[in-house]
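**Q** I'd like to ask some things about the structure below.
Protein chains in written order, with full-length UniProt numbering: chain A, 1 to 449; chain B, 1 to 291.
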């Protein structure tokens with residue numbers, strides 16, 4: 001009886017498939033019509049009404065992490081209490097732990113206006129999620145005036161095909177956090193940190209020999225520092241025109257082999273990203289290469305554990321200067337009415353303005369992209385003096401390079417294939433780095449070409 | 001004539017809305033490209049999703065892992081629970097419930113908190129497991145279980161299995177109470193020992209439940225491992241611990257490619273459909289009902 005029932009259901013099911021498909025497209029064409037009403041380009045912003053404020057949603061991953069949450073909340077609250085109140089904008093923050101919530105909510109038809117968006121998938125989102133270019137939504141004069149003073153290098157990073165789809169927001173460059181106590185225990189001077197990968201290896205093994213604890217950690221799955229590693233050795237990840245993957249060159253292979261050597265010879269701690277953060281914060285790891293955004297959490301942990309945090313810039317290969325990449329986010333926007341655009345613009349102006357970056361840097365730990373703030377007594381001068389680690393990062397900002405923005409539709413698959421190949425190269429003891437990278441490169445090129 | 005249909009209506013409506021409509025929609029989406037964004041239309045692409053899927057390396061790898069999880073979960077869902085249920089069945093008084101509660105508690109713990117605890121236990125630098133193994137002299141350097149390709153999927157299996165044991169044990173215990181104790185009395189008077197009783201009375205009379213649990217375990221093992229894969233390894237290192245469900249989830253909700261994910265689901269709908277038909281016939285042949 002049962003199999004028979006199932007069979008019948010299947011037949012019925014297939015028979016009615018056509019009617020269901022019609023049902024789906026009806027709903028979509030309505031939404032299509034709504035989207036079409038948004039003006040493509042404006043010379044002036046719409047008027048906002050303080051008595052009748054416009055609500056804007058802001059999806060932020062920083063809101064989901066305990067180390068960053070209070071700072072991001074302060075940013076939103078301060079905007080709502082000051083500019084928002086005066087102009088008539090209410091921003092509602094939505095915590096987005098995995099950077100998937102905004103996708104799900106856009107799919108569900110909810111209003112998603114501003115997203116703290118990661119770099120690698122910006123192109124994919126632009127194509128499939130209806131994010132807009134700043135030039136198409138905001139008046140040129142206002143935009144140009146606001147962008148004055150933001151690190152030009154940083155501004156370049158959110159541009160695709162000459163248009164800005166994301167405004168640089170929370171940024172950091174790679175940093176090597178150093179546990180002063182373990183360094184001194186191994187007879188090393190944390191104020192004179194290792195500069196090259198060879199020195200990192202040496203210091204790491206010294207720490208291990210002296211303290212029994214791991215000397216250095218960089219997780220193979222980190223995703224972005226890997227790219228800096230390849231670029232620092234003169235390699236590339238993605239071609240300039242973003243049409244082909246190019247990470248199997250001899251320079252890239254050499255960079256990954258250096259790292260593999262550290263990993264396979266006890267100079268780099270094994271473990272996932274979460275495990276390494278925990279290990280470093282617990283005082284059981286000498287050096288940890290990661291993002292400055294962890295600084296506020298690490299600083300608290302070090303104070304509790306009775307040791308001091310030092311920092312070093314991205315290590316280099318021999319005498320070639322290191323090429324740091326950026327991690328962090330841009331603000332990507334989806335506005336569908338002129339009022340929304342005006343409201344979004346007020347928020348963006350605030351959070352990427354002087355006050356915004358003062359909060360972002362001092363409360364969360366990301367870099368002030370308005371670099372002049374670091375020397376501004378009303379801005380971050382005191383803070384940077386107390387936390388000299390930021391100087392390292394600000395210096396790196398001037399020669400920062402973007403991480404690969406994988407092209408369009410296959411972006412996530414390409415990014416996964418790249419990361420998997422790196423992880424495999426570093427972690428497999430007898431594996432052939434060249435062959436692994438070459439294979440992944442061929443696979444990706446087959447996908448994107 | 002209308003009356004019986006009215007009785008069936010609520011069930012049919014619920015099944016229709018929550019089971020058959022999504023199922024059919026999946027069939028439809030499998031031949032389309034769509035990012036699920038309101039305002040965009042699914043685009044018909046024929047069999048493109050399928051050819052792209054079969055060429056996808058991570059999907060191919062995930063199939064092997066799915067077989068691995070499905071097969072190796074069986075001891076945890078059948079063998080161990082059956083033994084535990086049989087052993088605790090003859091216990092008297094409070095201890096019986098204490099033991100059963102011990103087995104069942106893992107089942108009702110939230111996967112996220114369970115994962116956090118297991119992560120600490122297996123932590124490469126401060127974890128209890130590494131510390132113990134090193135103290136015992138079994139290993140020299142700590143193992144990073146979740147980022148080591150030769151361990152990651154075994155740990156995922158272990159955690160899922162540990163959670164499964166409780167559920168199966170309860171199911172088997174319930175089935176055991178349904179067995180008439182006169183059989184055991186008669187058998188012991190004829191001189192049957194406890195092993196003999198287990199094989200010749202318990203197992204045949206439990207056969208419907210055993211086959212039911214077998215079906216459940218085979219069909220759902222991929223879903224049960226999902227949470228731990230997501231939280232502990234996200235399928236890594238380099239895809240060595242992922243399974244088809246996790247890949248489908250990533251296709252749809254991380255890559256936003258509903259069509260691609262639907263194509264994968266459709267393939268597995270067919271595969272699992274065949275498996276469940278086989279199990280169904282197995283059930284008819286081997287189940288013994290004590291009516």
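Even for Gly, the Cβ is constructed at its ideal location relative to N, Cα and C.
Can a CB atom of chain A be found closer than 7 Å to the CB of residue 239/B?
**A** So yes, residue 239/B belongs to the interface.
**Q** Taking 8 Å as the threshold, find out whether the stretch 93-106 of chain A comes into contact with the stretch 303-322 of chain A through three or more Cβ pairs.
**A** As far as the Cβ criterion goes, the stretch 93-106 of chain A does not touch the stretch 303-322 of chain A, which means the pair count is below three.
**Q** Could you name the residues of the stretch 145-156 of chain B whose beta carbon sits closer than 8 Å to any beta carbon of chain A, in the order they occur along the chain?
**A** For the stretch 145-156 of chain B, which is checked against every Cβ of chain A, the residues closer than 8 Å are 146, 147, 148 and 149.
**Q** Residue 317/A: beta carbon under 6 Å from a heavy atom of the ligand FMN?
**A** Among the components modelled here there is no ligand, and therefore nothing to report on the ligand FMN.
**Q** Suppose you measure from the CA of residue 393/A to the CA of residue 207/A; what does that come to, to the nearest Å?
**A** Answer to the nearest angstrom: the Cα atoms are 25 Å apart.
**Q** Residue 37/B: which of 430/A, 408/A and 107/A sits nearest, CA to CA?
**A** Answer by Cα proximity: 107/A.
**Q** In the stretch 42-64 of chain B, which residues sit with their C-beta less than 9 Å from some C-beta in chain A, listed in chain order?
**A** Going along the stretch 42-64 of chain B in chain order, one finds 42, 52, 55, 56, 57 and 58 with a Cβ nearer than 9 Å to chain A.
**Q** Between the beta-carbon of residue 389/A and the beta-carbon of residue 286/A, is there less than 7 Å?
**A** It is not a contact, given that the beta carbons lie outside the stated cut-off.
**Q** So which residues on chain A does residue 236/B lean against when the C-beta distance must stay under 7 Å?
**A** Within 7 Å Cβ-Cβ: 221 and 423.
**Q** Over what stretch of residues does the alpha helix (DSSP H) that includes residue 124/B continue unbroken?
**A** Residue 124/B -> no alpha helix (DSSP H), and no H or E assigned at all.
**Q** Tell me, which residues are paired with residue 54/A by DSSP?
**A** DSSP lists 89/A as partners of residue 54/A.
**Q** Is the number of C-beta pairs between the stretch 158-172 of chain A and the stretch 181-199 of chain A that are closer than 8 Å three or more?
**A** No, because fewer than three Cβ pairs between the stretch 158-172 of chain A and the stretch 181-199 of chain A fall closer than 8 Å, the two stretches do not touch.
**Q** Given a threshold of 16 other Cβ atoms within 10 Å of its Cβ, counted over all protein chains shown, does residue 7/B qualify as buried or as exposed?
**A** So residue 7/B ends up on the exposed side.
**Q** Within the 7 Å Cβ cut-off, does residue 26/A reach chain B?
**A** Its pLDDT being 38, under 50, residue 26/A is placed unreliably by the model, and the measurement read from it follows with that caveat. Residue 26/A does not count as touching chain B.
**Q** Using a Cβ cut-off of 7 Å (strictly closer), state whether residue 1/A contacts chain B.
**A** With a pLDDT of 37 at residue 1/A, under the threshold of 50, the modelled position of this residue cannot be trusted, and the question is left open.
**Q** Report the residues of the stretch 116-129 of chain B with a CB closer than 8 Å to any CB of chain A, ordered along the chain.
**A** Cβ contacts with chain A come from 119, 123, 124, 125 and 126.
**Q** Go ahead and pull the three-state DSSP assignment for residue 240/B.
**A** DSSP places residue 240/B in coil when its eight states are reduced to three.
**Q** Which first and last residues belong to the beta strand (DSSP E) in which residue 289/A is found?
**A** Its beta strand (DSSP E) spans residues 285-291.
**Q** Label residue 194/A either buried or exposed according to how many other C-beta atoms from any shown protein chain fall within 10 Å of its C-beta, with 16 as the threshold for buried.
**A** It counts as buried.
**Q** For the candidate residues 405/A, 249/A and 327/A, whose alpha-carbon lies nearest to that of residue 294/A?
**A** Looking at the Cα atoms, 327/A is the closest of the given residues.
**Q** Which bits of chain B does residue 279/A rub up against, with CB to CB less than 9 Å?
**A** Going along chain B in sequence order, the residues near residue 279/A (Cβ under 9 Å) are 123, 124, 125 and 126.
**Q** Nearest-angstrom Cα distance between residue 198/B and residue 62/B?
**A** Each residue's alpha carbon lies about 38 Å from the other.
**Q** Distance check for residue 407/A and residue 46/B, CA to CA, integer angstroms please.
**A** Rounded to whole angstroms, residue 46/B to residue 407/A spans 23 Å at the Cα level.
**Q** Keeping to the same chain, check which residues put their C-beta closer than 7 Å to that of residue 282/B; ignore five residues upstream and five downstream.
**A** Cβ within range, chain order: 211.
**Q** Evaluate residue 224/B with the Cβ neighbour count: other Cβ atoms within 10 Å of its Cβ, from every protein chain shown; 16 or more gives buried, anything less gives exposed.
**A** Looking at its Cβ environment, which holds 16 or more other Cβ atoms inside 10 Å, residue 224/B is buried.
**Q** For chain B, is any of its Cβ atoms less than 7 Å away from the one on residue 106/A?
**A** Yes, because at least one Cβ of chain B sits closer than 7 Å to the Cβ of residue 106/A.
**Q** Per the DSSP calculation, residue 20/B is bridged to which residue(s)?
**A** For residue 20/B, which the question treats as bridged, DSSP gives no partner whatsoever.
**Q** Going along chain D in order, which residues have a C-beta closer than 9 Å to the C-beta of residue 97/B?
**A** In the structure shown, chain D does not exist; the protein chains are A and B.
**Q** Quick one: which residues of the stretch 424-437 of chain A get their C-beta closer than 7 Å to a C-beta of chain B? List them in chain order.
**A** The residues in question are 424 and 427.
**Q** Would you list, in chain order, the members of the stretch 246-272 of chain B that have their beta-carbon closer than 7 Å to a beta-carbon of chain A?
**A** Going along the stretch 246-272 of chain B in chain order, one finds 253, 254, 255 and 256 with a Cβ nearer than 7 Å to chain A.
**Q** Hey, quick one: how far does the beta strand (DSSP E) through residue 100/A stretch, first residue to last?
**A** Here residue 100/A belongs to no beta strand (DSSP E), and DSSP marks it neither H nor E.
**Q** Could you give the residue range of the beta strand (DSSP E) that holds residue 379/A?
**A** Run containing residue 379/A: none; DSSP gives neither H nor E here.
**Q** Please state whether DSSP places residue 359/A in a helix, a strand or coil.
**A** The answer is helix: DSSP assigns residue 359/A an H, G or I state.
**Q** Relative to the C-alpha of residue 312/A, which candidate in 150/A, 180/A and 64/A has its C-alpha closest?
**A** Comparing Cα positions, the closest option is 180/A.
**Q** How would you label residue 65/B, buried or exposed, when you count the other beta carbons within 10 angstroms and need 16 or more for buried?
**A** By the 10 Å Cβ count, residue 65/B comes out buried.
**Q** At what residue ranges does the stretch 162-198 of chain A contain a whole run of the beta strand (DSSP E), taking only runs of 3 or more?
**A** Entirely contained in the stretch 162-198 of chain A, the beta strand (DSSP E) runs reaching 3 residues are, in chain order, 167-172 and 174-179.
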